[in-house]
Amino acid sequence: MLSVLIPTYNYDISKLVAAIHAQLTNCAIAFEIIILEDGSTLKLNSSHNLDYTKVIKNTQNIGRVKARQDLALKAKYDWLLFLDADVFPKSKQFIYNYIKAMSHDYEAFFGGFAYHDDKPEHSFILRWKYGQTKEQIPASTRNKSPYKVIISANYLIKKEVFSAVNTKIEDTKGYGFDNYFGALLQDNNAKVWHIDNEVYHLGIEKSESYLQKKEQAALTLIHFYKTEGFNNHSNDLLRLFRKLNNFKLAWLFSLFYKFFNSNMKKNLLSNSPSVKILQLYRISFMCYAYKNKMIT
1206 MLSVLIPTYN
1216 YDISKLVAAI
1226 HAQLTNCAIA
1236 FEIIILEDGS
1246 TLKLNSSHNL
1256 DYTKVIKNTQ
1266 NIGRVKARQD
1276 LALKAKYDWL
1286 LFLDADVFPK
1296 SKQFIYNYIK
1306 AMSHDYEAFF
1316 GGFAYHDDKP
1326 EHSFILRWKY
1336 GQTKEQIPAS
1346 TRNKSPYKVI
1356 ISANYLIKKE
1366 VFSAVNTKIE
1376 DTKGYGFDNY
1386 FGALLQDNNA
1396 KVWHIDNEVY
1406 HLGIEKSESY
1416 LQKKEQAALT
1426 LIHFYKTEGF
1436 NNHSNDLLRL
1446 FRKLNNFKLA
1456 WLFSLFYKFF
1466 NSNMKKNLLS
1476 NSPSVKILQL
1486 YRISFMCYAY
1496 KNKMIT
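Position in the sequence shown (from 1) plus 1205 gives the number in the numbering used here.
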């Protein structure tokens, strides 16, 4: 009935797997848990001896997109629940909530993200603050534009729909593919519904690393914009970029990034980063990267 698929790379997933397994067992359904250790040293306590759970090991890291594709190919059930390694269910009814959702006429369900209220140390503030502001969104809001807030760290999807969409993502490494995945779901007219069934995001990166990932995500958007048009989407950043480019204003934001990126970084890596400045940094970096042909 349900295949739970978890790609992992150098992260301790013992508590996550134990919690998910216990919930699945309590629901008394047919299930399997498949873990893909993607070229790292897996940190799964073998003493669990969990039934219907198996580990696949890659000798080399293939990236999250390809890892999910491989997991889906090995799954034997029609419903796939993808979870990132650095999450943990907010509710003890987490699995039950997804099983209940299956009875509705949708092809993919996104449970959402949550962040603990305790403020992390200052070197992690940017990721935590952005997550609370832009990712911790109730389902009622997400459903107003169902393809916009697509967080692939926690979602349930029919196997045939996933296979039709994910195989179109050509680059298996990088960052920022959730936006593209959402656009492909929209292109395929997939029936998407959001529910309040969050997981806590535990693996918060340091601000400097996260800023680099946001830059990579912008480059990913530019790549798909240039190679595939990327017209049918709900991404605010790409919509703004397209408008600026159409009105010949991308050069102005590129120039802004050139002269003020160090000032923006100073704020973003500080103890009190501004999400608004992060958004300005992202769009100006995107324009700079596009104008300077950082992506061919």
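From the three backbone atoms N, C-alpha and C, an ideal C-beta is built for every residue, glycine too. Here the structure is a predicted model, which means the values were calculated and not measured.
In the region 1359 to 1399, which residue ranges form an unbroken alpha helix (DSSP H) of at least 4 residues, counting only runs that do not cross its ends?
For the alpha helix (DSSP H) assignment, the uninterrupted runs of no fewer than 4 residues enclosed by the region 1359 to 1399 are, from N- to C-terminal side, 1364 to 1371, 1382 to 1392.
Evaluate T1372 with the Cβ neighbour count: other Cβ atoms within 10 Å of its Cβ, from every protein chain shown; 16 or more gives buried, anything less gives exposed.
exposed
Determine which residues share a DSSP beta bridge with L1207 and list them.
F1236, W1284
Can you name the start and end residues of the beta strand (DSSP E) that V1354 belongs to?
Taken as a continuous stretch (DSSP letters only), V1354 belongs to no beta strand (DSSP E), as it is neither H nor E.
Quick one: is H1321 buried, meaning 16 or more other Cβ sit within 10 Å of its Cβ, or exposed?
exposed
Only counting the same chain, and skipping five residues up and downstream in sequence, which positions put a Cβ closer than 8 Å to that of Q1337?
Y1320
Within 10 angstroms of its Cβ, does D1289 collect 16 or more other Cβ (buried), or is it exposed?
Residue burial is scored here from C-beta neighbours: D1289 has at least 16 other C-beta atoms within 10 angstroms and is therefore classed as buried.
What does DSSP give as the partner residue(s) for K1453 in the beta ladder?
As computed with DSSP, K1453 is found in no beta bridge at all.
Please state whether the Cβ-Cβ distance between I1239 and V1222 is less than 8 Å.
no
By the DSSP assignment, the alpha helix (DSSP H) with Y1257 in it spans what residues?
Y1257 -> no alpha helix (DSSP H), and no H or E assigned at all.
Among S1475, L1416, L1229, which residue has its Cα nearest to the Cα of Q1484?
L1416
Is D1291 buried or exposed, if buried means 16 or more other CB atoms sit within 10 Å of its CB?
With at least 16 other beta carbons inside 10 angstroms of its own, D1291 counts as buried.
Look at the Cβ atom of E1242, then the Cβ atom of V1260, and state whether they are nearer than 8 Å.
Yes, Cβ-Cβ distance for E1242 and V1260 is below 8 Å.
From N1440 to N1384, what does the alpha carbon distance come to, in whole angstroms?
Straight-line Cα distance between these residues: approximately 7 Å.
Looking at the strands, I want to know which residues DSSP matches up with T1213.
E1242.
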